[in-house]
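For the sequence shown, the numbering used here begins at 69 and goes up steadily by one. Yeah, the Cβ is synthetic: ideal placement off N, Cα and C, and Gly gets one too. First comes the structure, then the notes that go with it.
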Amino acid sequence: MGRYEKWGGRRRKPSKCGILWGILGLLCIYLCVPGSLHYLPPPRIGAHLCWPVLSCGILGCTGVDHGGGTVLGGPGLWIFWLGAGFTVVFVTILAKRVLAGQAPAADPPRSLEGQLRRQRAARLAAALSLALVVIPLLWVLTALLPNAFMYWMPTDVAESMAGTAYYAEDSSSWLQTGLIKLSDHYILKAYPDTTLFYGFLEVLALAAAALAAFPPLEKLLTSRRHPGGMSLGENLTVGLFAIMLVFWFIYWLQSHSYHYAKSVIDGVWLERIARTFGLTAVLFMGLNLFPACKKSLWHEAFGVSWERGLWTHRWLGGAAVAFMTLHILTMFCRYAQLGSFPYDAIHLHQFYPINKNGVLVAGLPDYDNFTIGTQMLVAYPALFIFGVLPLFRNKGWEIFKYTHFFFLVLIPATLLHAESSWYFLIGGVAFYLVDCAMRFVGVTSPTAVLLSAKTYEAEGGVVELQISKSHPYPGQFAWVNVPAVSTWEWHPFSLASSPSDGVSKMCIKNMGRGTFTDKLYQLVREGDPSALTVQLDGAYGPMFDPADHAAFLLIGGGIGITQVHSTLRTFSQMAVRRELPASLKMVRLVWIVRSPELFRVLDDSIAQCLQAEYPAGSPKFSVTFYATGGDQSTATFAAPLKKGRPSFPQIYSEAVGDLEALQSSAGPAGTICVQACGPAAMVSAAEEAAAGHARLVFDAAAFRL
69 MGRYEKWGGR RRKPSKCGIL WGILGLLCIY LCVPGSLHYL PPPRIGAHLC
119 WPVLSCGILG CTGVDHGGGT VLGGPGLWIF WLGAGFTVVF VTILAKRVLA
169 GQAPAADPPR SLEGQLRRQR AARLAAALSL ALVVIPLLWV LTALLPNAFM
219 YWMPTDVAES MAGTAYYAED SSSWLQTGLI KLSDHYILKA YPDTTLFYGF
269 LEVLALAAAA LAAFPPLEKL LTSRRHPGGM SLGENLTVGL FAIMLVFWFI
319 YWLQSHSYHY AKSVIDGVWL ERIARTFGLT AVLFMGLNLF PACKKSLWHE
369 AFGVSWERGL WTHRWLGGAA VAFMTLHILT MFCRYAQLGS FPYDAIHLHQ
419 FYPINKNGVL VAGLPDYDNF TIGTQMLVAY PALFIFGVLP LFRNKGWEIF
469 KYTHFFFLVL IPATLLHAES SWYFLIGGVA FYLVDCAMRF VGVTSPTAVL
519 LSAKTYEAEG GVVELQISKS HPYPGQFAWV NVPAVSTWEW HPFSLASSPS
569 DGVSKMCIKN MGRGTFTDKL YQLVREGDPS ALTVQLDGAY GPMFDPADHA
619 AFLLIGGGIG ITQVHSTLRT FSQMAVRREL PASLKMVRLV WIVRSPELFR
669 VLDDSIAQCL QAEYPAGSPK FSVTFYATGG DQSTATFAAP LKKGRPSFPQ
719 IYSEAVGDLE ALQSSAGPAG TICVQACGPA AMVSAAEEAA AGHARLVFDA
769 AAFRL
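This is the structure in structure tokens:
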């Protein structure tokens with residue numbers, strides 16, 4: 069067994085990325101300061117770019133005055149906000165570094181009741197923030213500001229805010245824009261599309277507040293009739309979204325007047341269908357940015373961790389790709405109807421009559437909208453990147469991950485191409501940028517120091533890392549970067565430690581030659597302490613609430629034991645401190661491996677759990693090991709070792725019988741929460757065996773990125 073240890077709290081050197089971030093922020097702020105305040109050359113750059121911003125306001129004051137008002141012709145606004153964001157992040161990182169040595173001691177662990185009460189309060193605060201502040205503010209912006217950036221001039225913005233005339237629909241439209249007069253200068257335009265979009269989000273936020281405030285309601289809406297099925301709350305959400313989508317199609321197909329009811333566009337059904345598909349793609353893109361954030365108010369409000377909600381990101385992303393494809397194909401049909409296909413499908417100089425009289429003249433392009441060509445250059449590769457590469461992410465994870473950042477090109481191109489798309493994208497973009505800034509601050513701050521690292525030879529090799537960063541809940545995971553292995557690669561691994569340990573412990577299996585895990589294993593095995601530093605992003609994962617079940621059955625397969633071991637260790641420590649509810653009667657762990665040598669990785673910790681002195685009334689702790697191969701003749705471990713594959717129906721039957729023996733005949737029957745983490749085939753087999761069992765609640769702890 070190779071090993072090296074580095075104990076102590078030696079502070080890491082400042083991150084090069086953090087220093088670069090700060091320099092960029094200071095440079096942008098320097099460029100944005102008026103020329104009269106500069107003490108270094110060039111003194112006029114800041115004044116030229118940003119004096120209009122500082123003199124007459126943020127909206128629309130970023131260019132030069134050509135006699136018709138200040139137009140959006142210069143980069144000052146974007147440089148201003150970019151510099152401000154860089155500077156805030158840099159100052160936060162700097163403050164955390166300066167104050168790192170003066171950080172107060174960690175608070176003692178709260179009781180379970182205190183933890184649950186704090187979780188509920190945080191969820192309720194997040195949900196009310198969304199429902200009462202964030203969503204109404206976003207809707208008000210869409211109701212006041214012009215839909216196109218080109219009209220973000222001081223005079224046009226003022227006219228838009230005070231205007232009562234609008235051209236979104238005509239008198240024959242089924243859905244009409246409503247007016248809400250706040251004053252003579254501020255009149256809200258309740259456009260049907262934005263009202264549908266933000267109304268849907270508002271209902272979700274209010275529902276999240278109700279779930280946080282009333283636990284019985286949450287239990288009702290989150291219950292599932294069978295494992296893997298949708299809960300009542302999820303079915304209601306899908307139904308509400310379907311209703312919203314019906315009215316969405318009605319508005320864009322029948323009610324909306326495109327380009328002020330221009331006949332060449334507004335009166336052609338093929339054109340309306342194509343544009344409706346494009347705007348529906350924008351709708352899904354806007355929603356898809358919310359689950360893309362690893363942490364946000366939405367996750368906090370619903371108490372759902374990022375990886376548990378990742379399925380919504382896949383479905384919404386797939387829908388966005390599908391409607392992008394439909395938009396492109398129907399536009400091809402429109403080009404054929406106009407006689408300009410396939411020329412307009414592949415050429416940047418088009419005949420498509422977008423802003424002119426709609427009359428095609430042979431040999432003379434009628435194109436005067438550069439955003440169509442820009443979007444063509446972006447959308448065609450985007451369909452491959454987001455529609456095809458995700459199908460092969462398990463075989464080429466790094467390729468999938470880095471090409472996925474192409475959305476940083478797709479979103480700006482969409483904002484330019486579809487004038488009103490910012491109505492639906494602004495919220496998701498804001499949430500994503502805040503999430504990125506928070507994660508960057510967390511990663512670059514000096515909070516993760518490698519305390520020890522060692523290797524085990526079992527099943528091709530296992531690396532154990534202990535990092536000086538705690539995590540709030542058991543069963544979580546974190547993203548790890550080891551610069552000595554790869555500067556750019558970040559990989560998620562489950563945490564085997566408990567929150568009370570005050571560290572993040574990972575057991576990382578070698579997954580084969582040439583992989584990240586193999587390089588890490590070889591590096592630790594060689595024992596070069598100077599080459600091994602780590603950065604940690606996280607922890608992420610579900611909250612912890614053991615109060616709803618009478619027993620927990622934890623099933624780990626191979627190295628998947630880390631997630632359920634964290635839960636076992638947490639239960640053990642809480643039982644010693646008398647913090648578990650009296651209704652919890654049993655905690656049982658089943659660990660299944662190929663080679664018994666893998667048990668050595670966590671055998672000492674499991675022995676501590678089994679040998680702890682528990683007070684009266686604590687749940688009964690038990691552990692069983694199963695080995696399907698390897699030499700088992702001389703192996704001795706903390707728990708009984710059985711040969712061969714276990715029978716999940718038998719394990720469940722024994723667990724139910726043991727729980728009934730522990731429970732009072734007069735007490736409630738209670739349920740058994742089954743948590744399984746390991747190979748996909750094992751988790752599927754455990755889930756199928758639990759299906760339909762009235763006393764079992766299955767929870768697949770494993771997740772797929």
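Whole beta strand (DSSP E) runs in the segment 537-619 with 3 or more residues, listed along the chain? Within the segment 537-619, the complete beta strand (DSSP E) segments of 3 residues or longer fall at 545-549, 559-562, 572-577, 603-608, listed in chain order.
Residue 624, DSSP secondary structure in three states: On the sequence shown, position 556 is the one that residue 624 refers to. Of the three classes helix, strand and coil, the one that applies to residue 624 here is strand, per DSSP.
Apart from the five residues on each side of it in sequence, which residues of its chain come closer than 6 Å, Cβ to Cβ, to residue 798? Absent from the model: residue 798. The displayed extent of the chain is 69 to 773, so no value can be given.
So for residue 659, helix, strand or coil by DSSP? The residue you call residue 659 lines up with position 591 of the sequence shown. If DSSP states are grouped into helix, strand and coil, residue 659 belongs with the strands.
By the DSSP assignment, the beta strand (DSSP E) with residue 326 in it spans what residues? The sequence position of residue 326 within the sequence shown is 258, counting from 1. Per DSSP, residue 326 belongs to no beta strand (DSSP E) and is neither H nor E.
Whose CA, out of 673, 718, 536, 684, lies closest to the CA of residue 705? Here residue 705 is taken as the residue at index 637 of the sequence shown, counted from 1. The candidate whose alpha carbon is nearest that of residue 705 is 673.
Just mark residue 188 as buried or exposed, buried being the case when its beta carbon has 16 or more other beta carbons within 10 Å. Along the sequence shown, one-based indexing puts residue 188 at 120. Residue 188 should be labelled buried.
Hey, out of 417, 440, 391, 466, whose CA is closest to residue 455's CA? Indexing the sequence shown from 1 puts residue 455 at position 387. Nearest C-alpha to residue 455: 391.
Which residues DSSP lists as bridging residue 355, in chain order: Here residue 355 refers to the residue found at position 287 when the sequence shown is read from its first residue. The partner list for residue 355 (beta bridge, DSSP) is empty, contrary to what the question assumes.
Work out the CA separation of residue 577 and residue 376 for me, nearest whole Å. Against the sequence shown, residue 376 aligns to sequence position 308. Against the sequence shown, residue 577 aligns to sequence position 509. Those two C-alpha atoms are separated by around 23 Å.
Simplified DSSP assignment, three categories, for residue 685: Working through the sequence shown from its first residue, we reach residue 685 at position 617. Residue 685 falls in the coil class under three-state DSSP.
If you follow the alpha helix (DSSP H) that residue 474 is in, where does it begin and where does it stop? Within the sequence shown, the letter at position 406 stands for residue 474. Unbroken run through residue 474: none, as it is neither H nor E.
Quick one: grab the DSSP three-state call for residue 267. As a position in the sequence shown, residue 267 is number 199, starting the count at 1. Looking at residue 267 - three-state DSSP - the assignment turns out to be helix.
When we look at the beta-carbon of residue 365 and count the other beta-carbons within 10 Å, is it buried (16 or more) or exposed? One-based indexing of the sequence shown puts residue 365 at position 297. Buried, by the Cβ-count rule.
Which listed residue (283, 404, 300) has its alpha carbon closest to that of residue 289: The residue labelled residue 289 in the question sits at position 221 within the sequence shown. Considering only alpha carbons, the answer is 300.
Beta-carbon proximity check, residue 236 vs residue 266, cutoff 7 Å: Walking along the sequence shown from the start, residue 236 turns up at place 168. Walking along the sequence shown from the start, residue 266 turns up at place 198. No, Cβ-Cβ distance for residue 236 and residue 266 is not below 7 Å.
Would you list the residues sitting across from residue 258 in a DSSP beta bridge? For the purposes of this step, residue 258 is identified with residue 190 of the sequence shown, where counting begins at 1. In the DSSP output, where bridge partners are listed per residue, residue 258 has 246.
Just list the beta strand (DSSP E) runs in the segment 476-537, keeping only unbroken ones of 3 residues or longer that don't cross its boundaries, in chain order. 518-524, 530-535
Assuming residue 360 contacts residue 500 under a Cβ cut-off of 8 Å, what Cβ separation, rounded to an integer in Å, is found between them? Start at 1 with the first residue of the sequence shown, and residue 360 comes out as number 292. Start at 1 with the first residue of the sequence shown, and residue 500 comes out as number 432. Yes, residue 360 and residue 500 are in contact; Cβ-Cβ is about 6 Å, under 8 Å.
Where does residue 801 fall in DSSP's three states? Here the chain has residues from 69 to 773 only, and residue 801 is not among them.
Could you check if residue 156 is buried or exposed, using at least 16 other CB atoms within 10 Å of its CB as the buried criterion? Counted from its first residue, the sequence shown places residue 156 at position 88. Looking at its Cβ environment, which holds fewer than 16 other Cβ atoms inside 10 Å, residue 156 is exposed.
May I have a chain-ordered list of the alpha helix (DSSP H) segments no shorter than 4 residues that lie completely inside the segment 360-395? The segment 360-395 contains these whole alpha helix (DSSP H) runs: 365-370.
Taking Cβ to Cβ, would you say residue 402 is nearer than 7 Å to residue 338? Your numbering for residue 402 matches position 334 in the sequence shown. Your numbering for residue 338 matches position 270 in the sequence shown. Yes. Within cutoff.
Would you please state the rounded distance, in angstroms, between the beta carbons of residue 788 and residue 552? I believe it to be under 8 Å. There is no way to answer for residue 788, as the model of the chain reaches only from 69 to 773.
Reducing DSSP to helix, strand and coil, say where residue 676 ends up. One-based indexing of the sequence shown puts residue 676 at position 608. In the displayed model, residue 676 falls within a helix according to three-state DSSP.
Could you check if residue 720 is buried or exposed, using at least 16 other CB atoms within 10 Å of its CB as the buried criterion? The residue labelled residue 720 in the question sits at position 652 within the sequence shown. Classification for residue 720: buried.
Minimum C-alpha distance to residue 229 - residue among 453, 238, 215: Taking the sequence shown and counting its residues from 1, the one referred to as residue 229 is at position 161. Minimum Cα distance to residue 229 is reached at 215.
Endpoints, the alpha helix (DSSP H) within which residue 213 is located: Translated into the one-based positions of the sequence shown, residue 213 becomes position 145. Note, residue 213: premise wrong, no alpha helix (DSSP H); not H, not E.
My understanding is that residue 724 touches residue 687, with C-beta atoms under 8 Å, so please give their C-beta distance in whole angstroms. In the sequence shown, counting from the first residue as 1, residue 724 sits at position 656. In the sequence shown, counting from the first residue as 1, residue 687 sits at position 619. Between residue 687 and residue 724 the Cβ distance is about 15 Å, and since that is not below 8 Å, they are no contact.
For residue 480 and residue 438, I'd like the C-alpha separation in whole angstroms. Sequence index remark: in the sequence shown, residue 480 carries index 412 (1-based). Sequence index remark: in the sequence shown, residue 438 carries index 370 (1-based). Across the structure, residue 480 and residue 438 are spaced so that their CA atoms are roughly 14 Å apart.
Within a Cβ cutoff of 7 Å, which residues of the same chain sit near residue 585, ignoring the five residues on either side of it in sequence? As a first step, residue 585 must be located in the sequence shown, where it is residue number 517. The residues are 576, 577, 578, 579.
Report yes or no: do the segment 554-563 and the segment 644-664 share at least 3 C-beta pairs separated by less than 8 Å? no
What is the rounded straight-line gap between the Cα of residue 253 and the Cα of residue 268? Within the sequence shown, the letter at position 185 stands for residue 253. Within the sequence shown, the letter at position 200 stands for residue 268. Residue 253 and residue 268: Cα-Cα distance of roughly 28 Å.
Since residue 690 sits in a beta bridge, which residues does DSSP pair it with? Counting from one through the sequence shown, the residue named residue 690 turns up at place 622. BP columns for residue 690 point to 656.
By alpha-carbon positions, which one of 231, 242, 239, 287 ends up nearest to residue 248? As a working mapping, residue 248 is identified with position 180 in the sequence shown. The shortest Cα separation from residue 248 among 231, 242, 239, 287 belongs to 231.
In whole angstroms, what separates the C-alpha of residue 847 from that of residue 502? This structure cannot speak to residue 847, because the chain is shown only from 69 to 773.
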